[in-house]
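The listed protein sequences derive, respectively, from chains A and B.
Under my numbering, the first residue of the first sequence is numbered 1, with each subsequent residue one higher.
Under my numbering, the first residue of the second sequence is numbered 346, with each subsequent residue one higher.
Please read the structure below before turning to the comments.
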Amino acid sequence: MTRPEPPIAKSEAVQRDASGMPVPVSTGVMQAAAHHARDAHNDVLFRTVLLASALLVLAALLGTAGSTLWGGRLAFQTFGWSFLVSDHWDAVNGQFGALVPIWGTLMTSVLAMLLAVPVSFGIALFLTEVAPPWLRTPIAAAVELLAGIPSIIYGMWGLFVLAPFLADHADAWINDKLGTLPIVGRLFQGPPLGIGMLTAGLVLAIMVIPFISSVMREVFHTVPTRLKESAYALGSTTSEVVWNIVLPYTRSAVIGGIFLGLGRALGETMAVTFVLGNAHQFSESLLMPSSSIASVIANEFTEASSDLHRSTLIALGFLLFCVTFVVLAIAKLLLLRLARKEGNA
Amino acid sequence: MLLSLKSRLAALLLLGALLTVNAQATEVTGAGSSFVYPVLSKWSVAFNRKTGHQINYQSIGSGGGIAQIKAGTVDFGASDAPLSAEDLGKFGLGQFPVVIGGIVPVVNVEGVAAGKLRLSGPVLAEIFLGKIKTWNDPALARLNPGLKLPASAIFVVHRSDGSGTSYNFANYLGKVSPTWQKTIGFGTSVPWPVGVGGKGNEGVAAYVKQIKNSIGYVEYAYALQNKMAYTQMENAAGTFLEPSNAAFAAAAATADWAKAKDFNLIMTNAPGATAWPITATTWAIMYKTPKNAAQSKVAFAFFKWAFEHGQPEALALDYVPLPEPLVKQIEAYWQSQFKS
Numbered sequence: 001m002t003r004p005e006p007p008i009a010k011s012e013a014v015q016r017d018a019s020g021m022p023v024p025v026s027t028g029v030m031q032a033a034a035h036h037a038r039d040a041h042n043d044v045l046f047r048t049v050l051l052a053s054a055l056l057v058l059a060a061l062l063g064t065a066g067s068t069l070w071g072g073r074l075a076f077q078t079f080g081w082s083f084l085v086s087d088h089w090d091a092v093n094g095q096f097g098a099l100v101p102i103w104g105t106l107m108t109s110v111l112a113m114l115l116a117v118p119v120s121f122g123i124a125l126f127l128t129e130v131a132p133p134w135l136r137t138p139i140a141a142a143v144e145l146l147a148g149i150p151s152i153i154y155g156m157w158g159l160f161v162l163a164p165f166l167a168d169h170a171d172a173w174i175n176d177k178l179g180t181l182p183i184v185g186r187l188f189q190g191p192p193l194g195i196g197m198l199t200a201g202l203v204l205a206i207m208v209i210p211f212i213s214s215v216m217r218e219v220f221h222t223v224p225t226r227l228k229e230s231a232y233a234l235g236s237t238t239s240e241v242v243w244n245i246v247l248p249y250t251r252s253a254v255i256g257g258i259f260l261g262l263g264r265a266l267g268e269t270m271a272v273t274f275v276l277g278n279a280h281q282f283s284e285s286l287l288m289p290s291s292s293i294a295s296v297i298a299n300e301f302t303e304a305s306s307d308l309h310r311s312t313l314i315a316l317g318f319l320l321f322c323v324t325f326v327v328l329a330i331a332k333l334l335l336l337r338l339a340r341k342e343g344n345a
Numbered sequence: 346m347l348l349s350l351k352s353r354l355a356a357l358l359l360l361g362a363l364l365t366v367n368a369q370a371t372e373v374t375g376a377g378s379s380f381v382y383p384v385l386s387k388w389s390v391a392f393n394r395k396t397g398h399q400i401n402y403q404s405i406g407s408g409g410g411i412a413q414i415k416a417g418t419v420d421f422g423a424s425d426a427p428l429s430a431e432d433l434g435k436f437g438l439g440q441f442p443v444v445i446g447g448i449v450p451v452v453n454v455e456g457v458a459a460g461k462l463r464l465s466g467p468v469l470a471e472i473f474l475g476k477i478k479t480w481n482d483p484a485l486a487r488l489n490p491g492l493k494l495p496a497s498a499i500f501v502v503h504r505s506d507g508s509g510t511s512y513n514f515a516n517y518l519g520k521v522s523p524t525w526q527k528t529i530g531f532g533t534s535v536p537w538p539v540g541v542g543g544k545g546n547e548g549v550a551a552y553v554k555q556i557k558n559s560i561g562y563v564e565y566a567y568a569l570q571n572k573m574a575y576t577q578m579e580n581a582a583g584t585f586l587e588p589s590n591a592a593f594a595a596a597a598a599t600a601d602w603a604k605a606k607d608f609n610l611i612m613t614n615a616p617g618a619t620a621w622p623i624t625a626t627t628w629a630i631m632y633k634t635p636k637n638a639a640q641s642k643v644a645f646a647f648f649k650w651a652f653e654h655g656q657p658e659a660l661a662l663d664y665v666p667l668p669e670p671l672v673k674q675i676e677a678y679w680q681s682q683f684k685s
């Protein structure tokens with residue numbers, strides 16, 4: 001897009017000084033050239049600043065990964081690959097295994113996403129398609145408010161309200177009814193503690209719902225009304241419009257929003273520390289307590305006096321970094337495959 | 346700006362004057378054991394009222410306190426686990442006891458009130474090892490003939506963070522159970538075979554109150570403040586007794602402090618007839634040559650005041666103030682070891 005030319009000076013006549021010598025005057029063309037040079041210079045400067053910002057982010061990312069890997073090298077050297085599959089955590093004798101924290105992080109995050117994605121989807125759809133206009137703002141405001149609540153409040157609510165409720169009303173039922181199922185029963189067997197992976201998953205789900213639903217809502221708004229109206233004109237129901245018009249149009253942004261929520265769930269510390277139970281025994285059951293990487297680091301970093309213990313915790317941080325990276329890579333691949341199917345890639 | 350230059354200068358001078366006036370009051374920082382947090386915070390309020398100096402104590406766990414004093418970020422660390430002589434020598438630190446308290450097992454079983462359930466050391470160790478799994482186990486029934494215990498599973502609650510409370514508790518279990526000593530040992534953070542971990546004494550108390558049929562261990566002050574059901578314990582002399590200040594003081598009295606270099610003495614399983622078996626003390630750890638002399642002086646003044654005048658606050662919170670001979674030993678230790 002070309003910029004409009006600056007107005008050329010009116011007097012093109014040669015100007016003379018007192019003794020009659022011609023004085024060099026900046027003509028309109030020269031002024032335009034000067035403007036161009038300055039603009040080009042500013043352009044280059046601006047581009048450099050932007051490039052520097054992007055490179056700064058990249059440098060910070062690589063620096064974080066590198067420093068956690070460097071700090072955890074002692075742990076990786078001492079334990080090798082068994083670090084990833086051993087569940088033995090003994091600070092007295094210097095034996096550490098990351099299986100339980102990794103498992104706890106993944107299970108609680110997956111459970112949180114399983115619960116949060118349908119609910120966020122429902123909220124976003126309700127607010128864009130179904131709700132009457134007078135109801136949209138209050139509900140949207142309420143959902144946004146959920147995002148502003150500090151995570152430690154969620155942890156306290158989970159411990160003092162949700163955990164007793166689950167212990168009294170849900171855990172025994174889950175153990176008796178679902179724990180006896182043939183293959184998946186092992187996931188649901190456990191004592192009515194109230195705290196555990198299920199509670200942590202529920203609390204995390206409530207924490208990530210505002211993020212996912214607000215991204216979805218924004219993106220659902222961008223669907224052109226003409227597309228939806230054409231579908232309605234052809235006789236589609238609301239659900240057909242949603243599944244066949246709105247979702248395919250916004251697919252990549254929706255997946256982006258989901259992975260934003262997943263990123264938050266993976267890294268959540270205080271809420272999980274309150275309700276996950278901080279146990280270092282491996283258990284597949286959702287009703288049993290476990291640890292997550294963030295909760296282990298939060299609990300033990302201040303008192304990790306031995307070098308190996310500290311190195312183990314930093315190595316756990318690096319593993320969390322890896323898990324997040326893998327999750328994002330999966331998201332990108334998924335988006336690429338979807339775009340290719342649509343013929344956009 | 347609306348203010349003229351003169352008014353701005355005047356405001357700055359006033360601010361400077363105010364700041365210099367407050368500079369007389371020093372702020373001393375300490376960190377560590379959550380065991381002593383209740384009494385240290387009460388003492389610091391009273392000390393502040395008396396002298397204007399501020400003692401800022403962070404309850405991050407004994408392990409954290411040790412790490413922070415070694416790193417030099419606080420003026421004193423507080424730990425329920427004493428540092429070894431080589432550790433003290435390597436960093437140039439000295440330690441001395443501050444207050445004595447008891448660790449009590451607490452339970453949340455329907456129908457069991459405070460002080461009613463009787464436990465012995467070996468039985469407690471078996472519960473925490475996961476060998477005794479239900480409340481109606483014969484071992485428990487034998488100790489509690491008159492008490493109706495339910496047939497439900499026992500849920501163990503321990504500490505998730507590094508803790509001197511865990512240190513003393515695990516030390517006691519190691520003394521009364523050879524299996525515990527062999528398989529687990531003791532330290533600020535041990536590999537608990539069963540149970541969930543709560544963060545701090547507060548976390549354990551919260552979990553035990555939430556989870557039915559659970560058992561945990563907390564410092565006595567936390568058990569009383571939260572109105573929890575503590576248990577009776579059988580001590581080394583074979584008597585069953587409830588925890589009380591007299592029982593903790595009896596355990597402290599049987600400890601031979603004079604012989605322990607740098608007061609390195611763990612009082613669990615004390616021999617006295619009326620001694621509570623899980624009595625513990627917390628050590629304050631400070632640099633022998635302090636990094637900040639003024640703050641170190643105020644810290645010593647604080648502890649001196651606490652030893653001589655802080656008994657009412659300590660007793661009100663159900664700690665046992667240090668006995669008089671021990672205070673004299675500590676003050677002599679200060680004179681000889683610390684350079685302020």
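Quick reminder that beta carbons are idealized off the backbone N, C-alpha and C, glycines included.
All values derive from a computational prediction rather than experimental measurement.
Going by the beta-carbon positions, is the gap between residue i and residue j smaller than 9 angstroms?
i	j	result
A/L115	A/G201	yes
B/N571	B/K557	no
A/S213	A/S295	no
B/T626	B/V444	yes
B/T533	B/Y552	no
B/L462	B/N481	no
B/Y517	B/P622	yes
A/N299	B/D425	no
A/L286	A/F160	no
A/F76	A/G97	no
A/V254	A/V223	no
B/G408	A/S305	yes
A/F349	A/W103	The first residue shown for chain A is 1 and the last is 345, placing residue 349 of chain A beyond what the model contains.
B/L464	B/E579	yes
A/A163	A/T105	no
Helix, strand or coil for residue i, going by three-state DSSP, please let me know.
i	result
B/N401	strand
A/M351	No information on residue 351 of chain A is available, as it lies outside the stretch 1 to 345 that chain A covers here.
B/T599	coil
B/L660	helix
B/M573	coil
B/D607	helix
B/E579	strand
A/S290	strand
B/A498	strand
B/V366	Caution applies to B/V366, whose pLDDT of 48 falls short of 50 and renders its modelled position unreliable; the model cannot decide the point.
A/G261	helix
On the DSSP letters alone, give me the boundaries of the alpha helix (DSSP H) that residue i sits inside.
i	result
A/L334	D307 to E342
A/W70	G28 to G71
B/F647	A638 to H654
B/P442	Element bounds for B/P442: not the alpha helix (DSSP H) but the beta strand (DSSP E), L438 to N453.
B/Q526	P523 to T528
B/T396	Y382 to T396
How far does the beta strand (DSSP E) with residue i in it extend, from its first residue to its last?
i	result
B/G561	S559 to E564
B/S424	F421 to S424
B/V541	V541 to G543
B/A625	T624 to Y632
A/G148	Element bounds for A/G148: not the beta strand (DSSP E) but the alpha helix (DSSP H), P133 to G148.
B/V373	E372 to G377
Pull up the CB-CB distance for residue i and residue j, whole angstroms please, since I reckon it's below 8 angstroms.
i	j	result
B/F421	B/Y678	Contact doesn't hold; Cβ gap of about 14 angstroms is too wide.
B/G447	B/P588	5 angstroms
A/L146	A/P289	The pair is not a contact, with the Cβ atoms about 26 angstroms apart (cut-off 8 angstroms).
What residues in its chain sit with their C-beta under 7 angstroms from that of residue i, if we drop five residues either side in the sequence?
i	result
B/P670	none
A/F325	none
B/F531	Y512, A515, N516 and G519
B/E372	Q399 and N401
A/G20	none
A/V346	Residue 346 of chain A lies beyond the range of chain A shown here (1 to 345); nothing can be said about it.
Could you check if residue i belongs to the surroundings of the ligand NAP, using beta carbon to heavy atom distance under 8 angstroms?
i	result
B/G460	Of the ligands one can find in the structure shown there are none, so the ligand NAP has no counterpart to examine.
Which residues in the same chain have their Cβ closer than 6 angstroms to the Cβ of residue i, if we skip the five residues on either side of it in sequence?
i	result
B/V366	Its pLDDT being 48, under 50, B/V366 is placed unreliably in this model, and the coordinates cannot settle the point.
B/I405	A376
Using C-beta distances below 8 angstroms, list every residue in its chain close to residue i, excluding the 5 sequence neighbours before and after it, in chain order.
i	result
A/V327	F259, L262, G263 and L266
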